[in-house]
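Residue numbers (my numbering): 229 to 561. No residue lacks a Cβ here, since even glycine has one placed at the ideal position from N, Cα and C. Quick caveat: nothing in here was measured; it's all calculated off a predicted structure. To start, the structure under review is shown below, and the notes come after it.
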Ligand code: A2R
């Protein structure tokens with residue numbers, strides 16, 4: 229199915245999140261697609277490269293109407309309640325959005341008179357409690373989700389696999405490992421460290437950075453590599469199959485912290501915050517990315533050093549910096 233994406237219609241659902249704008253840039257600039265995208269009603273989002281619509285995936289009829297109006301060739305499903313901590317606090321919302329919302333979308337696609345290709349984004353969190361000998365983690369590893377968010381994404385993946393088989397919809401499933409890049413909300417480790425250092429630089433907090441488990445090793449990929457993987461999967465992925473998207477290399481959180489702290493001229497004390505230590509932390513998470521590489525030829529290209537430098541750029545420019553803090557505050561509301 230090595231069909232070119234040029235001039236094809238892409239519909240991105242959940243564009244106002246972290247990944248959305250990067251996916252717009254990638255599909256528009258690199259693949260010359262015509263971009264349609266949805267955000268939640270009431271959310272502010274503008275992008276000159278995309279036609280923006282309001283959509284709540286909990287409202288099936290809204291999805292149906294939109295699909296008929298746009299008739300997309302490709303649908304990228306990013307919309308989710310994607311915070312692990314919010315999922316603990318509000319499991320029903322997370323189940324509604326991540327499971328029922330995805331079912332609404334698949335049912336709407338199934339009822340169409342033609343077959344668009346859907347790329348549904350799940351998470352490396354689905355694997356959960358990894359055992360010795362299971363690293364790097366391949367797609368057929370047993371899923372043992374360790375939190376509510378992960379369980380909903382595992383369920384989304386299972387339902388997607390079942391729908392692809394039972395109803396012959398053209399659906400590709402992704403398990404994305406940690407992705408990082410400029411403008412990520414500070415709910416995630418890299419952006420959290422950067423935000424803290426930014427606040428220290430601005431003297432908004434004492435020169436103490438609070439951290440969790442620094443010995444954990446995680447697989448980080450630049451968000452721009454991640455969205456390119458989604459485009460490659462749209463082009464070459466096999467329907468009904470699940471693909472890991474990650475860098476294939478785990479990096480110790482300690483080394484990321486050192487790099488970020490070394491950017492500041494201030495003397496910063498590192499303090500372990502017991503609240504940031506997760507009760508069941510898996511020592512190493514590293515994706516096996518052979519499947520996507522062999523199927524699509526995709527390779528991650530941006531080294532973690534470059535990503536960290538770009539995330540840190542917000543530290544060097546006061547305007548950008550305040551902008552970043554504002555963005556983070558909006559996300560945390
Ligand atoms: O949670 P909010 O208010 O920021 O809105 C999120 C939005 N969303 C929805 N969209 C349509 N209908 C809904 N009922 C609904 N509920 C939430 O989806 C958010 O703006 C967007 C998802 O973006 P993020 O949470 O920033 O996720 P990110 O990092 O862009 O990751 C994309 C996908 C997600 O499925 C993750 O679970 C996966 O990659 O790793």
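Given 7 Å as the limit, tell me if residue 426 has its C-beta closer than that to any heavy atom belonging to the ligand A2R.
Shortest gap from the CB of residue 426 to any heavy atom of the ligand A2R: 7 Å or more.
In whole angstroms, give me the CA-to-CA distance for residue 513 and residue 400.
Approximately 23 Å between the Cα atoms of the pair.
In the DSSP assignment, the beta strand (DSSP E) including residue 356 goes from what residue to what residue?
Residue 356 -> no beta strand (DSSP E), and no H or E assigned at all.
Sorry if obvious, but does the Cβ on residue 315 come closer than 7 Å to a heavy atom of the ligand GTP?
Absence of the ligand GTP is noted for the structure shown, with the ligand A2R being the only ligands found.
For residue 307, which of helix, strand or coil comes out of DSSP?
Residue 307: coil per DSSP, three-state reduction.
4 or more residues per run - each alpha helix (DSSP H) lying fully within the region 354–408
The alpha helix (DSSP H) runs of length 4 or more contained entirely in the region 354–408 are, from start to end of the chain, 376–395.
To the nearest angstrom, how far is the alpha carbon of residue 343 from that of residue 364?
Near 34 Å, if we compare the C-alpha coordinates of residue 364 and residue 343.
Where does residue 230 land, buried or exposed, given buried means 16+ other C-beta within 10 angstroms?
Because residue 230 sits at a pLDDT of 40, beneath the cut-off of 50, its placement in the model cannot be relied upon, and the following sentence gives the value as read from the coordinates. Exposed, by the Cβ-count rule.
Going by the DSSP bridge assignment, what does residue 320 pair with across the sheet?
In the DSSP output, where bridge partners are listed per residue, residue 320 has none listed.
In the DSSP assignment, find the unbroken alpha helix (DSSP H) run with residue 486 in it and report its ends.
Looking at the DSSP string, the run of the alpha helix (DSSP H) that includes residue 486 is 481–489.
Based on the DSSP secondary-structure assignment, which residues constitute the bridge partners of residue 239?
DSSP, once it has assigned bridges, lists 264, 303 as partnering residue 239.
DSSP-derived helix/strand/coil call for residue 504:
Residue 504 falls in the helix class under three-state DSSP.
Would you say the region 329–342 touches the region 401–410, given that touching needs at least three Cβ pairs under 8 Å?
Touching, no.
Do you know offhand how far residue 371's Cα is from residue 378's?
Whole-angstrom Cα-Cα distance: 9 Å.
Please report the straight-line C-alpha distance between residue 450 and residue 458, rounded to a whole angstrom.
For residue 450 and residue 458, the distance between alpha carbons rounds to 13 Å.
Is it a yes or a no for the region 248–258 touching the region 280–288, going by three-plus beta-carbon pairs under 8 Å?
These segments do not touch.
For the ligand A2R, any of its heavy atoms closer than 7 Å to the Cβ of residue 238?
When distances are taken from the beta-carbon of residue 238 to the heavy atoms of the ligand A2R, even the shortest one reaches 7 Å or more.
Just to confirm my understanding: we take residue 496, look at its own chain, exclude 5 residues before and 5 after, and list those with CB closer than 8 Å. What are they?
Short of 8 Å from the beta carbon of residue 496, and not among the five residues preceding or following it, lie these beta carbons of its own chain, in chain order: 425, 428, 435, 436, 437, 489.
Is the closest heavy atom of the ligand A2R to the C-beta of residue 351 under 7 Å?
Inclusion of residue 351 in the 7 Å shell around the ligand A2R follows from its C-beta lying nearer than that to a non-hydrogen atom of the ligand.
By DSSP, does residue 348 sit in helix, in strand, or in coil?
In this structure, residue 348 counts as strand in the three-state DSSP scheme.
With burial defined as no fewer than 16 other Cβ atoms inside 10 Å of the residue's Cβ, what is the status of residue 500: buried or exposed?
So residue 500 ends up on the exposed side.
Which residues does DSSP list as the beta-bridge partners of residue 478?
Looking at the DSSP assignment, residue 478 forms a beta bridge with 447.
For a test of the three-state rule: what should DSSP assign to residue 522, helix, strand or coil?
Reduced to three states, the DSSP call for residue 522 is helix.
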